[in-house]
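Okay, structure first, notes after.
Residue numbers (this note's numbering): 65 to 289.
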């Protein structure tokens, strides 16, 4: 009987000791309580533990003091694009730029080939008249134009506006081109067939947002070269 009582005391003491150890371990901060930084691996592994107050090691840069209040402003370009999107639910700037790139290549190539039919479908009447006149003068002089569009480096929307139902979007193209003009004998009159030139063109496209025709027309061309 007495032996059983002693055994109970021993087991109770062991249980108390185990509970004490468990509490001491659970009560410790092992550094694993906070979730891991999901970007830590991209930065080269876990970051070293910083000070209790992270702001202690922050050095403010000039002009980055805390503002009294933060206000969000919308640029005129973004506002204009938003107006076009409101008038034409199918308009999306990224898709528009893809189409503008394709139109740019077609116009450059068609003008060099003297392909008036293709140009007429892509250009407004006024712009087409200018292109057609240049092609006619070139043919009368017995000259041919060779233009190779090596690539389009950038295509960026720089202006946009909506006047009533007419949307206009201006794109700045920076491209690499090889351009050569040859005479009737095939000799080079202008340009260099081995020289790649960087060319900057600024083109304005327009479309009536009420029209069922989804295509945009080139209504103005400028060049900054």
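No residue lacks a Cβ here, since even glycine has one placed at the ideal position from N, Cα and C.
Alpha-carbon spacing of residue i relative to residue j, whole angstroms
i, j, result
"residue 199", "residue 171", "13 Å"
"residue 161", "residue 223", "13 Å"
"residue 286", "residue 249", "32 Å"
"residue 195", "residue 284", "11 Å"
"residue 212", "residue 197", "21 Å"
"residue 269", "residue 218", "17 Å"
"residue 227", "residue 261", "36 Å"
"residue 188", "residue 138", "31 Å"
"residue 247", "residue 232", "38 Å"
"residue 238", "residue 229", "29 Å"
"residue 251", "residue 193", "28 Å"
"residue 273", "residue 180", "26 Å"
"residue 164", "residue 183", "14 Å"
"residue 282", "residue 267", "7 Å"
"residue 156", "residue 140", "17 Å"
Supposed contact pair residue j and residue i - C-beta distance, whole angstroms, cut 8 Å
i, j, result
"residue 253", "residue 207", "6 Å"
"residue 216", "residue 168", "7 Å"
Local Cβ density within 10 Å of residue i, reported as buried at 16 or more and exposed below that
i, result
"residue 190", "exposed"
"residue 275", "exposed"
"residue 186", "buried"
"residue 265", "buried"
"residue 214", "exposed"
"residue 271", "buried"
"residue 154", "exposed"
"residue 259", "exposed"
Under the three-state DSSP convention, the category residue i falls into
i, result
"residue 237", "strand"
"residue 247", "coil"
"residue 187", "strand"
"residue 85", "Reliability fails at residue 85, whose pLDDT of 49 lies under 50, so the model's placement of it is uncertain and the value that follows must be treated cautiously. The answer is helix: DSSP assigns residue 85 an H, G or I state."
"residue 214", "strand"
"residue 255", "strand"
"residue 178", "coil"
"residue 153", "coil"
"residue 171", "helix"
For residue i: DSSP bridge partner residues
i, result
"residue 267", "235 and 285"
"residue 272", "230"
"residue 223", "234"
"residue 261", "241"
"residue 209", "245"
Closer than 7 Å: residue i CB and nearest the ligand MG heavy atom
i, result
"residue 140", "What this structure holds is no ligand at all, so the ligand MG is not there to describe."
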